[in-house]
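Following my numbering, the numbering of the sequence shown begins with 22 at its first residue and continues without gaps. Using N, Cα and C, we set each Cβ at its ideal position, and we do this for glycine too. Model, not experiment: these values are computed from the prediction. First comes the structure, then the notes that go with it.
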Amino acid sequence: MTAWTATAAALGLLAAGYALGAREAGPRLLSWAEDAVTPGWRTWKFWPAAPIILAALAWIWTVHPRRSLANVRAWRQPPPPRGPALTFDPDWAAKRRVAAHQNTEEV
22 MTAWTATAAA LGLLAAGYAL GAREAGPRLL SWAEDAVTPG WRTWKFWPAA PIILAALAWI
82 WTVHPRRSLA NVRAWRQPPP PRGPALTFDP DWAAKRRVAA HQNTEEV
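Below you can see the structure in the form of structure tokens.
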């Protein structure tokens, strides 16, 4: 391979990478795969989308193993306990009038 051929190949790869990045093919493909996998394995879209999802998971676990493990651990945690239910105070109007009256007397 000559120097001109190598340079042309490198520029071609650079242009192809730029074009794919500008079109955002990866995120669009992954979004389609997520939408196709969500209904379940009985649809025809599941089977072409499953390898894309598996490749994305393998990439994430390879590139960010600690963050991926932290996300899995956080996902498996139970939700925090709920607070007490809100209650209605039947005397709220009377208390409001008293508080407003007390504030006007001080002025």
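- Measure from the C-beta of THR125 to each C-beta in chain B and report whether the shortest distance is under 9 Å. The structure shown contains no chain B; it holds only a single protein chain.
- Entirely enclosed alpha helix (DSSP H) segments - the stretch 38–115, minimum 4 residues: 46–58, 67–84, 86–97
- Query: What is the rounded straight-line gap between the Cα of VAL84 and the Cα of PRO72?
  - Reply: 18 Å
- CA-to-CA distance, ALA43 to ARG94, given in whole angstroms: 34 Å
- Item | For TYR39 and PHE67, the rounded distance between their alpha carbons | 30 Å
- Message: I need the straight-line Cα distance from LEU145 to THR64, nearest angstrom please.
- Response: Only positions 22 to 128 of the chain appear in the structure, and residue 145 is not among them; the question remains open.
- Task: Just confirm the distance between the C-beta atoms of ALA106 and ILE74, as a whole number of angstroms; I'd bet it's less than 8 Å.
- Result: With 8 Å as the limit, ALA106 and ILE74 do not qualify as a contact, their Cβ atoms being about 40 Å apart.
- Query: Taking the C-alpha atoms as reference points, what is the distance between TRP25 and ALA36?
  - Reply: 16 Å
- From ARG135 to LEU78, what does the alpha carbon distance come to, in whole angstroms? Any answer about residue 135 is impossible in this case: the structure gives the chain only from 22 up to 128.
- Query: With distances taken between CB atoms, is the gap from ALA46 to VAL58 smaller than 9 Å?
  - Reply: no
- Contacts around ILE81, its chain only, beta-carbon distance under 7 Å, and the 5 residues preceding and following it disregarded: SER89
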